[in-house]
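Reading through the structure tokens given below for one structure.
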Amino acid sequence: MTERQQTFTSRWGMMLAMLGMAVGTGNIWRFPRIAAANGGGSFLVAWVCFLLLWSVPLLLVEFSMGKATRYGTVGAFSRLIGKKFAWMGAWVAFTATAIMFYYSVVAGWTFRYFWAALTGELESEIPGALWSRFAESGWSVLTHALAMGIGVLVVARGVRGIERAATFLIPSLFVLVILLAARAVTLPGAGGGLAFLFTPNWSDLTDARIWLEALTQNAWDTGAGWGLALTYAIYMRRNEDTALNSFVLGFGNNSVSLLAGIMVMCTVFSVGPALATQIAASPAGFEKAITAYPGLQNRLEAGIQEPAAVEAALRLGIELEEAAIPGFFANNAYSVEDRLEIARASGVLEGDQVAHAVLGSGNNGLTFIWVPQIFQTLPFGRALTVLFFLALSFAAMTSLIAMIELATRVLVDGGMTRRRAITVVGSFGFLLGVPSALSMAFFDNQDFVWGVGLMLSGFFFAFAVLRYGVSRFREQFINTASSDITVGRWWDWAIYLVIIQSVILMLWWIYQAIDLTDLRGTLTPFSSFNVGTLLVQWAMVLTAFILMNRWLARKTVDDERGEQGVEGSIS
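Count along the sequence shown starting at 1, add 618, and that's the number in this note's numbering.
In structure tokens, the structure reads:
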């Protein structure tokens, strides 16, 4: 059987592989954190809306392009809208591959912490000590290599290897997340977490930031616009449905996020009162919490205007204007005892307030430093911690496997043998991931640059459909004889909205990076988070692919059908 002829053996295996592609570490930790920071139930309303307005429409595009063309991203764009647009497919492939370089590092982190939880090492560690020793060290490089190695071995076995891995990993992941969520809802105080997650404050929906964050989370949740679904769709059988599969994938993936949200929020709200007592009880506990939870510091700074806090500050000889400055509660110029007394007076060091602060804090290190600490306060805490990091490892690996397959498929389309393509992807994946393993600054930079790049990828997919003809695309590739359900004209309008959403989202991310008081610093390419570093890296890649477009199209599309597009050329 040739590479082009391989298909998934069953619809069940295909859907599990697709879910593995979509479900990743962002579902298990990023979703609860973003939901908590943006109103809980209010965020959930916007998040569900964008599942239908962003994720499902783009998944339909990817499924259809992959199934119809039987090419990876470069060939799919060439076949659908002409060879002069091969560079768009190359951008999509490169962006997902650039994410693969540092995503493998994250997968390695999950391995290390699973082992530490299993052996009990986490229980004996000072919070953050293992992270401080491990991140940016040779051990991080080693676990990164292990993750890439496992991913390469799975992909080397072809579609059957991917399907077998997904058949084990995805059901196991769902079982683990369901077990953790079920345990969380039985905890004392868990009702507060459920109420927060599922009770919207309708007035919050007038805040544009909530909608923008919900759109961002959906883009990360489902993998829509990454090119991953397109790659797996190459291996769908000819009579396989695309419409129903897209809906199942979107809702199935987001159900993992929802279960993770229930797990984390119920747990944090349950331990919130005890954690608040621990923080308020001693200067050492307070100082540790201020460092660990930036969200707590933000809440304290907002609460410093409370009359009781103002009175406490004056009693300690601290002027209000002097105290109400950013970073006051972490400022060592004031004694930790004085800062703690003002914090107590503010009323912020209470269970629910602390729970909100924990959920809204941190990013990369928070999962690995403080989630274990939260679980260890519960009965069977060690077992829960082991299950959590096992689930996180499974989620990381299923997404990494899809990224490796995407890059491999593009090289195979370009004429490489599969074995050589996998060797190239694995080697470069390891080498180009090493900087992210050794430097969190470099990791953050790549996460920022190519995370925003995904929005441009989504734009390119929507543009391809517009150029081909939205209604024509729907009738020819979505509503086919093998379709289980019919997609209506709402999808046409959703594609136009994807264009608008992509532009708004990219402008929003860039706006966040602009510092009008330091335009020179904003535009320098030597920074983790600014417009300059993003524009320079984007410009280099886009320029290279546009200049190479003719070569890319010639290497990938092996007949003249790419000039006219896919119509009439797919049996």
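We put the CB at the ideal spot given by N, CA and C, even for glycine. Everything numeric in this text was worked out from a predicted model, so none of it was measured.
| query | result |
| --- | --- |
| Contact between the stretch 658-677 and the stretch 1001-1021 (3+ Cβ pairs under 8 Å) | no |
| Straight-line gap, ARG827 to THR834 (C-alpha atoms, nearest Å) | 10 Å |
| Collapsed DSSP secondary structure at SER888 in the structure displayed | helix |
| Beta-carbon proximity of TYR721 to SER1017, cut-off 9 Å | yes |
| Nearest-angstrom Cα separation, counted from PHE993 out to THR1003 | 6 Å |
| Whether ILE780 touches ILE1019 by CB criterion (9 Å) | yes |
| Rounded C-alpha distance that separates ALA1080 from ALA774 | 32 Å |
| Rounded C-alpha distance that separates ALA763 from ALA878 | 28 Å |
| Rounded separation between LYS1173 and VAL1149 - CA only | 34 Å |
| MET633 in three-state terms, based on DSSP | helix |
| Closest by C-alpha distance to PRO925, when choosing among ASN916, TRP630, GLY965 and PRO901 | GLY965 |
| Neighbour-count burial assignment, ALA800, 16 or more Cβ in a 10 Å radius | exposed |
| N- and C-terminal bounds of the alpha helix (DSSP H) containing ASN1167 | 1167-1174 |
| Integer-rounded CB distance, given that VAL1159 should sit under 8 Å from ARG712 | The question names Arg, yet the displayed sequence has Phe at residue 712. Confirmed, about 6 Å. |
| Classification of GLY1180 by the beta-carbon crowding that lies within 10 angstroms, buried from 16 upward | Any reading at GLY1180 is ruled out, since the residue's pLDDT is 43, under 50, leaving its predicted position unreliable. |
| DSSP three-state assignment for PRO1053, whether helix, strand or coil | helix |
| Neighbourhood of GLU1023 by C-beta, 7 Å cutoff - its chain only, sequence neighbours within 5 removed | VAL773, ILE780 and THR849 |
| Extent of the continuous alpha helix (DSSP H) to which THR625 belongs | It is not in any alpha helix (DSSP H) - THR625 carries neither H nor E in the DSSP assignment. |
| Minimum C-alpha distance to PHE814 - residue among ASN863, ARG651, GLU858 and THR1104 | ARG651 |
| Residue environment, ILE960, which counts as buried when at least 16 other CB atoms sit within 10 Å | buried |
| The stretch 829-847 / the stretch 1105-1124 touching (three or more Cβ pairs under 8 Å) | yes |
| Identity of the residue in VAL641, ARG957 and SER1054 nearest ALA719 by Cα | Strictly speaking, residue 719 in this sequence is Phe, with Ala absent from that position. Of the candidates VAL641, ARG957 and SER1054, the one whose C-alpha sits nearest the C-alpha of PHE719 is SER1054. |
| Three-way DSSP call (helix, strand, coil) for ARG731 in this model | First, the residue type needs correcting, since residue 731 is Tyr and not Arg in the sequence shown. Note: TYR731 maps to helix in three-state DSSP. |
| Under 9 Å between C-beta atoms of PHE729 and GLY811 | no |
| Coil, strand or helix - GLN971 by DSSP | helix |
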